[in-house]
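In the working numbering, the protein residues as written are 338 to 380.
For every residue, glycine included, the Cβ atom is placed at its ideal position computed from N, Cα and C.
To start, the structure itself, in structure tokens.
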Amino acid sequence: FSFSEVTEFGDDDFTFDYEVLRKWGLILAVVFFVLGLTIIFSK
Numbered sequence: 338f339s340f341s342e343v344t345e346f347g348d349d350d351f352t353f354d355y356e357v358l359r360k361w362g363l364i365l366a367v368v369f370f371v372l373g374l375t376i377i378f379s380k
């Protein structure tokens, strides 16, 4: 079972590409993590 099979609902307005969503979620998590570390260690 993969997330690419979930997009068969017919609601074309509300379809998520889970690979892209997971990739950008990881990128945002890394960016905020590094940003938090730089704020903590800059004091």
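Note down the Cα distance separating residue 390 from residue 357, rounded to an integer number of angstroms. Nothing can be reported for residue 390, as the shown portion of the chain is limited to 338 through 380.
Taking 8 Å as the CB-CB limit, is residue 364 close to chain B? The structure shown has no chain B; it contains just one protein chain.
Neighbourhood of residue 363 by C-beta distance below 7 Å, restricted to the same chain and skipping five residues each side: none
Ends of the alpha helix (DSSP H) at residue 360? 355-378
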